[in-house]
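Heads up: the sequence lines are chains A and B, in that order. Per our numbering, residue 19 is the first one in the first sequence, and the count goes up by one each step. Per our numbering, residue 14 is the first one in the second sequence, and the count goes up by one each step.
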Amino acid sequence: MRYLPLTPTDRRDMLGVVGAKSVDELFRDVPASARLPGKVAGLPDHLGELEVERAFQDYAAKNVSPSTAPFFIGAGAYRHHVPSTVDYMIQRGEFLTSYTPYQPEITQGTLQYLFEFQTQVSLLTGMEVANASMYDGSTGASEAVLMANRITRRAKALISGGLHPHYRSIIETTAHWQGYSAVAGKVDPEGLEDLIAQVDKETSCVVVQNPSFFGHVRDFAKLAEACRVAGALLIVVVTEVVSLGLIKPPGEMGADIVVCEGQSIGNGLGFGGPYVGLFATRDKYVRQMPGRLVGETFDADGKRGFVLTLSTREQHIRREKATSNICTNAGLCALAFTVHMTLLGEAGFRRLAELNHAKASELADRVAAVPGVTLLNDSFFNEFTVRLPKPAAPVVEALADKRILGGVPVSRLIPNDPSVEDLLLLAATETATEAGMGPLIAGLKEVL
Amino acid sequence: MVQSLDRSQGRAGGLAADASAAPATFTGNRALQIEEPLIFEMGQPGRCGVDLPEPPKVKDRLNGLKRAGEIGLPGLSEPQVVQHYTRLSQKNYAIDMGVYPLGSCTMKHNPRINEKVARLPGIGDLHPLQPVSTVQGALELIDRLAHWLKALTGMPAVAMSPAAGAHGEMCGMMAIAAALEARGERVRRKVVLAPESAHGTNPATAAALGFTVKPIPANERGRVDLAALKAALGPDVAAIMLTNPNTCGLFESEIVEISKAVHDAGAFFYCDGANFNAIVGRVRPGDLGVDCMHINLHKTFSTPHGGGGPGAGPVVLSAALAPYAPYPWIVKDGDKWRVAEDGAAVDGKPLGRLKAFHGQMGMFTRALSYIMSHGADGLKQVAEDAVLSANYVMASLQDVMTPAFEGPCMHEALFDDSFLKDTGVSTLDFAKAMIDEGYHPMTMYFPLVVHGAMLIEPTESQAKEDLDLFIAALRSLAERAKSGTAEEEFKAAPRFAPRRRLDETLAARKPVLRWRPSNNPPEGDPMKQAAE
């Protein structure tokens, strides 16, 4: 087996040093009833690299990749061009096969890029401080609610009807099993929701999304003020981080915690994961933050260096009193994010955002011109909602039959709600071309 | 703020002599070790590492919320970016460089075929919400990995969506809470038992779900004290959380009695699967009476650790817990795969949703590739070689270091610090001296139940001659420490790493968690000093 260096001679010699006649002796603490007589039954034996690669090509051949079809799907995961440098860098073995930087003297590479990542996230969100990443945006949003509950010592979260339904579902699941309350607002396809009247003295936090799940761009400054008066925190979720190149950042609207899905920068679609959660807040709340943090310090020679810090919040020190049970984060995806963001820089990131907005504007106008289709958004970034003259799910299936990946029917994420049955979410990024938009518009005209 | 030649960034300045006694260099560099500024100290307006077309002029539809002012991101060209991250990479130790014996973390070889197949466009470039008719191969792939995980653990069901081991723990303990709720016992059963040697995530998870954590002591053999466990079991106990093999690197030899006692008391057995590498392909946790166990795909199944993630933590479930698995579920109807994405769409009582979309697909792909490469025969050999290698390390060092417990051990060898008694050298000093010898240190000071713990996990990936050199290096260090003349040398270690010991107290007392223009006044600039 190509991955196993020990030879039969090595094994015999090593057993001699250990003083065991066979490897079975080393497993003698396993109860006899649980010792398998041989290998696990009913499973195939090892394969060469060629056979493994073929097997995966077979899986791949049964899928329709967006690289081969007109593609306009978003809803929390976005297809962008990732520069070649990014994927090369994250495959360097020194990054790929290192672990959490527990020994800072020999992991300054990881620690420095995480420090740079934390700085980039702070700047993008307009917040004071950010951590070294979360699993993804969706789990990060749930951790943000727990953090707000700790800070306010309250137990009622108010969830916007414009929040991604998966995110809402995770918060509700956590609320149920961890014993707090999550009150969800009515589903808000029109982007007209006003939560201010519902914020009261029991509210720990309000969770909103910008742009909303349905694509609307909202100003939360008044809501932030209402939260401040009531002693609640405002959590702003951003599922399309590229929008921060063009839209006023949550920090400037008065957010207390900002959670972003960072997938769009540096990380491919990957059928849903792994992604990278960005998590930022105000300095005064840093000790209630979940996740790893990297800080600057100096070594014995006075040279600048970086270490994991404030770990007294964390499970390996605080055990049952920890701020979160999180241990691993999304290190390599954070590296992909930070390399891509460094390539973009100020000018590139802003231009990328403008291109996305321009492509989506074009798509919105063309889709809205299809007979029977109504655009619900006055405002959007690179994604919007349209009402079709019939249920959206079969329309999307009919488009798929034509090898067009034409958006997400809202009913897939909000099932059993007749009011959203006809709604379709469409996204366009800088990757959209006429070669894709043309067939989509033609396909819609045929199918509707 | 732009200091393209300031590679020192130190308070002491670029020409300060350091304690390794070699002469200082002008740049602060040491041949292949290049001092590297932050990107924020390198950027120039007007530079950019991408070429994007000019956007067409359109009226913006942003509800009047266009971003005003600079974000503050630096501008770098592509070659600068490549050099920056390459130089940073050279300050890291990694599995690709040698023995990485970090106990409890299973730092084994990461095959590159796994990276290649994860990047096939038909796998890596798929949207999770594409129509299911266009992702049949992806769903089949997930189900195939699920099949292997169930077969290898002897368990009937698996929840695939948890994002990491700790997330899997949360999933498993929620499933237990759900089963208790269904029995009407959730209010009554508020206690979770966990050995004192448990990973910190175990008590953190249980406490988050409102359970009270009661520690169970270990016996003198490093195992759960069965009598103490039985005494603690009562009608108020919800579950035990137990790692097996345990964090001392030992198999819980009374595991069958433990699971029977736990079940007799009406409680559940959560197994922390962090150490599955010791038994994979050789022992099935299902045969030990486990109700649920998370599997760290980045440990046992070699998905890259990536500097701290991403991981993946599927949870295998017994028949009693299977109905509570969180959605999504991958279901086969006839010859078609579908994803059941909400509670109404599954035949069970799912506990809810834990993650957006369908789980860590990229990790699933790599893990399945690793599993298929090994097969049932190779995985059994993995466990055997991992256990043999750990025992070899322990046996080879037992005369100069002090094993914490009598062997045989499983896949990791645990030493305490009694061999360092009266030498003035601590476990930390010993670990830092290993860095100068070219090794990543072992896990230190964990488990907490052993004084000055050193937990060495060689894994199955090291050749015997590399293990022999590693053993000889540790032997030399132990002898030097015990000679009584090397205390200063150990305290000064590491001397040859990119950085010497870092002031962690300063970092925590005055946290500097991001770059700001005023963080680091430009001092110690070699060009400036040369001019003076």
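Just so it is clear, CB atoms sit at the ideal spot from N, CA and C, and this is done for glycine as well. Predicted model only: the values in this text are computed from it and were never measured.
Helix, strand or coil: which one does DSSP assign to residue i?
i	result
B:Asp360	coil
A:Thr449	coil
B:Cys305	strand
A:Asp63	strand
A:Ile265	strand
A:Asn13	In the structure displayed, chain A extends from 19 to 466; residue 13 of chain A sits before or after that span and is not available.
B:Trp161	helix
A:Gln227	strand
B:Asn123	coil
B:Tyr283	strand
B:Ser102	helix
B:Lys523	coil
A:Leu251	strand
B:Asp546	Only positions 14 to 545 of chain B appear in this structure, which leaves residue 546 of chain B out of reach.
A:Lys174	strand
B:Phe626	Any answer about residue 626 of chain B is impossible in this case: the structure gives chain B only from 14 up to 545.
Could you tell me if residue i is buried or exposed, where buried requires 16 or more neighbouring beta carbons within 10 angstroms of its beta carbon?
i	result
B:Leu45	exposed
B:Ala403	buried
A:Lys339	exposed
B:Tyr383	buried
B:Lys3	Nothing about residue 3 of chain B can be reported from this structure: the residues present for chain B run from 14 to 545 only.
B:His464	exposed
B:Arg366	buried
B:Lys349	exposed
A:Pro62	exposed
A:Asp42	exposed
B:Tyr340	buried
A:Tyr106	exposed
B:Ala107	buried
B:Thr498	exposed
A:Arg310	buried
Round the Cβ separation of residue i and residue j to the nearest angstrom and send it over; I've been treating them as touching at under 8 Å.
i	j	result
A:Val224	A:Ile253	7 Å
A:Gly313	B:Ala510	With a Cβ gap of about 19 Å, A:Gly313 and B:Ala510 do not count as contacting.
B:Ala216	B:Val237	The sequence shown places Pro at residue 216 of chain B, rather than the Ala named in the question. B:Pro216 to B:Val237, Cβ: 15 Å. No contact.
B:Leu86	A:Phe135	In fact, because the Cβ distance is near 12 Å, the residues do not count as touching under 8 Å.
B:Ala549	B:Pro454	This structure does not reach residue 549 of chain B, given that chain B is present from 14 up to 545, and the question cannot be answered.
A:Glu372	A:Leu264	6 Å
A:Ala318	A:Gly272	The pair is not a contact, with the Cβ atoms about 43 Å apart (cut-off 8 Å).
B:Ala252	B:Val205	5 Å
B:Gly321	A:Gly349	4 Å
For residue i, collect the residues of the same chain with a Cβ closer than 6 Å to its Cβ; drop the 5 residues on either side in sequence, then sort them by chain order.
i	result
B:Arg295	Lys393, Ala396
A:Gly158	Met152, Val277, Gly295, Phe297
B:Leu115	Thr456
A:Gln227	Gly180, Leu181, Val255
Distance, Cα to Cα, residue i vs residue j?
i	j	result
A:Val426	A:Thr86	18 Å
B:Ala278	B:Ala358	34 Å
A:Asn347	A:Lys463	45 Å
B:His122	A:Pro23	11 Å
B:Pro134	A:Ile344	31 Å
B:Ile126	B:Glu473	19 Å
A:Thr125	A:Ala411	49 Å
A:Gly56	A:Leu423	48 Å
A:Glu380	A:Ala450	10 Å
A:Pro49	B:Tyr405	23 Å
B:Ser489	B:Phe432	13 Å
A:Leu287	A:Gln281	8 Å
B:Met352	B:Gln143	The question names Met, but residue 352 of chain B is Val in the sequence shown. Their backbone Cα atoms lie some 11 Å apart in a straight line.
A:Glu452	A:Gly155	31 Å
A:Gly269	A:Ala73	48 Å
A:Val100	A:Ile283	7 Å
A:Ile214	A:Pro183	21 Å
Spatial neighbours of residue i within its chain, please: C-beta separation below 7 Å, excluding the five flanking residues on both sides.
i	result
A:Val479	Limits of chain A in this structure are 19 at one end and 466 at the other, which puts residue 479 of chain A out of reach.
B:His387	Val395
A:Ala172	The question names Ala, but residue 172 of chain A in the sequence shown is Arg. Taken in chain order, the residues that qualify are Glu220, Thr221, Ser222.
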